[in-house]
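Structure first, commentary second.
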Amino acid sequence: MHLKPPQITPESAPFWDAANQRKLLLRRCLDTGKPYYYPRDHSPFTGSTSTDWIVASGDATLYSFSYSRREGHVHCIAYVTLNEGPTILSAIDCEDPQQLRIGQRLRVAFYTCETGQNVPVFLPVGSV
31 MHLKPPQITP
41 ESAPFWDAAN
51 QRKLLLRRCL
61 DTGKPYYYPR
71 DHSPFTGSTS
81 TDWIVASGDA
91 TLYSFSYSRR
101 EGHVHCIAYV
111 TLNEGPTILS
121 AIDCEDPQQL
131 RIGQRLRVAF
141 YTCETGQNVP
151 VFLPVGSV
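Residue numbers for the sequence shown follow this note's numbering, beginning at 31 and rising by one.
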């Protein structure tokens, strides 16, 4: 799987540092208690900077997906809903995307891109 290196900002740096340790982090609004994604300092719920980081379970459900075949490789992108609540855009690593089903259980894995940065992707449960 070929992954494009992420653009790391000061706000998202802890997320990417954790990915290098094979941990999936989420931001949490301390005013509402709700976790959110993409990692940024301000809560999308309240606009407050009263936030912290939590470690996500890495378990998710397939919400929607699309795939293409290029140069003999399958490329699959998907929205996955984490057990903690947020729905995120990610890649799915699977041999046969026609076997994917909406509602299917997924588990996070970490793949290393060309810069050495780990990037979270998801695998169908049973493939991990």
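Yeah, the Cβ is synthetic: ideal placement off N, Cα and C, and Gly gets one too.
{"Query": "Identified DSSP bridge partners for S96", "Result": "I107"}
{"Query": "8 Å Cβ cutoff met for R70 and K64", "Result": "no"}
{"Query": "For D47, the first and last residue of its enclosing alpha helix (DSSP H)", "Result": "A43 to A49"}
{"Query": "Reduced DSSP secondary structure (H/G/I, E/B, other) of P74", "Result": "coil"}
{"Query": "Separation of L56 from E114, as counted between CA atoms", "Result": "9 Å"}
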